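Undergrad: Quick note on my numbering: the sequence shown kicks off at 113 and runs consecutively.
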Amino acid sequence: MSTIINVIYVIILVCVAWQDYKTRIIRNKFHIIIFSLAIVQMLLISEYRITDRLIGMLAVSVPMLLLTLLIPRAFGGGDIKLMAASGFFLGMRLILCAMILAIIAGSVYGIIMLKNRKRDRKDQFAFGPFLAIGLSIAAFWGNEIVSWYLKIQH
Numbered sequence: 113m114s115t116i117i118n119v120i121y122v123i124i125l126v127c128v129a130w131q132d133y134k135t136r137i138i139r140n141k142f143h144i145i146i147f148s149l150a151i152v153q154m155l156l157i158s159e160y161r162i163t164d165r166l167i168g169m170l171a172v173s174v175p176m177l178l179l180t181l182l183i184p185r186a187f188g189g190g191d192i193k194l195m196a197a198s199g200f201f202l203g204m205r206l207i208l209c210a211m212i213l214a215i216i217a218g219s220v221y222g223i224i225m226l227k228n229r230k231r232d233r234k235d236q237f238a239f240g241p242f243l244a245i246g247l248s249i250a251a252f253w254g255n256e257i258v259s260w261y262l263k264i265q266h
């Protein structure tokens, strides 16, 4: 059941990534669908407690919001809401893993674009596709990634 729910989640993320890439807007319907899917997941699979989901909902989205208040347009509102809904879906550990993976993916893209002179340092790009990459990887392999990381830290 967990795999089926994760596949549905990734299909939604593919739609989010495509829409954000094309329009730089992530529609609220996607956030609502992800949040609803998280509730279904919580009722069917009791892997994460509600407290972990609530912390996950805030762990990345609040820092993103604060950063955007300090640096306007650092993140779009859709990115912030996507991470809040996904934090409720994934829980605290996996949303942190997803954000790190998204930052790595976005950084690699940015470096390649700068190196090939396709973008300037001040240019903005849709971050939703990179969030979708990080979230998708975390949904399927996040626990293994976090366990590996914690193992190499000891």
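In this text, a Cβ means the ideal position worked out from N, Cα and C, and glycines have one as well.
Here the structure is a predicted model, which means the values were calculated and not measured.
Could you check the C-alpha separation between residue 264 and residue 209 for me, to the nearest Å?
TA: Taking the straight line joining both Cα atoms gives about 15 Å.
Undergrad: For the region 168-234, which segments carrying the alpha helix (DSSP H) assignment without a break, of at least 4 residues, lie completely within its bounds, in sequence order?
TA: Runs of the alpha helix (DSSP H) inside the region 168-234: 173-182, 189-202, 204-227.
Undergrad: Return the chain-ordered list of same chain residues with a C-beta closer than 7 Å to the C-beta of residue 234, the five sequence neighbours on each side being excluded.
TA: There are no such residues.
Undergrad: Mind reading off the beta-carbon distance from residue 189 to residue 211? Whole number of angstroms is fine, and I expect it under 8 Å.
TA: So it is not a contact: roughly 17 Å between Cβ atoms.
Undergrad: Quick one: what's got a C-beta closer than 6 Å to residue 179's C-beta in the same chain, skipping five residues either side?
TA: Result list for residue 179: 186, in chain order.
Undergrad: Below 8 Å on the Cβ atoms is my guess for residue 251 versus residue 121; work out the distance and round it to an integer in Å.
TA: Confirmed, about 6 Å.
Undergrad: Which one of 238, 224, 172, 137 has the shortest CA to CA distance from residue 202?
TA: Nearest option by C-alpha distance: 172.
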